[in-house]
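Taking it in order: structure first as structure tokens, then the write-up.
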Amino acid sequence: GEDVEQSLFLSVREGDSSVINCTYTDSSSTYLYWYKQEPGAGLQLLTYIFSNMDMKQDQRLTVLLNKKDKHLSLRIADTQTGDSAIYFCAESMDSSYKLIFGSGTRLLVRP
Amino acid sequence: GAVVSQHPSRVICKSGTSVKIECRSLDFQATTMFWYRQFPKQSLMLMATSNEGSKATYEQGVEKDKFLINHASLTLSTLTVTSAHPEDSSFYICSAPPPTGPEAYEQYFGPGTRLTVT
Chain A
7 GEDVEQSLFL SVREGDSSVI NCTYTDSSST YLYWYKQEPG AGLQLLTYIF
57 SNMDMKQDQR LTVLLNKKDK HLSLRIADTQ TGDSAIYFCA ESMDSSYKLI
107 FGSGTRLLVR P
Chain B
-9 GAVVSQHPSR VICKSGTSVK IECRSLDFQA TTMFWYRQFP KQSLMLMATS
41 NEGSKATYEQ GVEKDKFLIN HASLTLSTLT VTSAHPEDSS FYICSAPPPT
91 GPEAYEQYFG PGTRLTVT
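Just so you know, the protein sequences line up as chains A and B, in that order.
Here our numbering = 1-based position in the first sequence + 6.
Residue 45 in our numbering sits at position 55 of the second sequence, with consecutive numbering throughout.
Below, the structure written as structure tokens:
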């Protein structure tokens, strides 16, 4: 079945790195995504990784993909208070563009 | 990048009434759009796939007679919540796949519509 899991909450100090983890069950995923959602707002695509990649870096963001363990992570370097939000991982399994979202991780950045 | 809009952004309706939510692709054509629902403090759940010119495809557990979807044109999909009840109060978000091209990985999300049923 399709099930994407994340830890619910993460608290870090400003300037530290944050690592948000995600596990998924469908090995046929094509793309895996990280979205950010601020309170009362829509979704903002942060980054994505194609399933044949192991790592992707984009400025402060680093995505690691372990297909064997079906594990995806998002590392945010030098975390800022503006990074406080809910982060969702999502997988897209085929060309239909349907997305299966994780449960979301609430990131709180303390000054 | 491409933009998807939703209208209204917020709506309050009385129990038993119907409410229509619009999703528009502003600068591209979308033969397919998706409708998601997000309950407070929860994740997004796919409700249905809206197909231009044909019937929508609903996910398991979503009542097609309650959530009417009409994809009337290549830029507009509507979701009508019929006979709304307080448990239908939620954040409804639509999305559209991109036109083909180098951004084919990205899906465009609308800003969402917050429905409150009193």
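In this text, a Cβ means the ideal position worked out from N, Cα and C, and glycines have one as well.
What residue range does the beta strand (DSSP E) around R27/B cover? 22 to 28
Worksheet entry | Contact belief for S40/B with M23/B at Cβ below 8 Å, rounded distance in angstroms | 4 Å
Checklist entry - By a C-beta neighbour count over all protein chains shown, 10 Å radius and 16 as the cutoff for buried, is V9/B buried or exposed? => result buried
For this session: Can you grab the Cα-Cα spacing for the pair N58/A / K4/B, in whole Å?
Result: 49 Å
- Residues within the stretch 71 to 103 of chain B neighbouring chain A, beta-carbon criterion of under 7 Å: I83, P87, Y95, E96, Q97, F99, G100, P101, G102
Can you find a C-beta in chain A that's less than 8 Å from the C-beta of L16/B? no
Problem set entry | D64/A, DSSP secondary structure in three states | strand
key: chain B contact residues for Y54/A, given Cβ-Cβ distances below 9 Å   = Y95, E96
Check: Is E77/B helix, strand or coil when you go by DSSP?
Finding: helix
Mind pulling the chain B residues with CB within less than 8 Å of K104/A?
F24, L36, T39
Determine the chain A residues that contact S63/B at a beta-carbon separation under 7 Å, and present them in chain order. Per Cβ cutoff of 7 Å: no residues; S63/B is ~19 Å from chain A at best.
Note to self: What are the residues in the stretch 30 to 59 of chain A lying within 9 Å of chain B by C-beta distance?
What the structure shows: T36, Y37, Y39, Y41, Q43, G46, A47, G48, L49, Q50, L51, Y54, F56
Measuring only the C-alpha atoms, how far is P89/B from Y103/A?
12 Å
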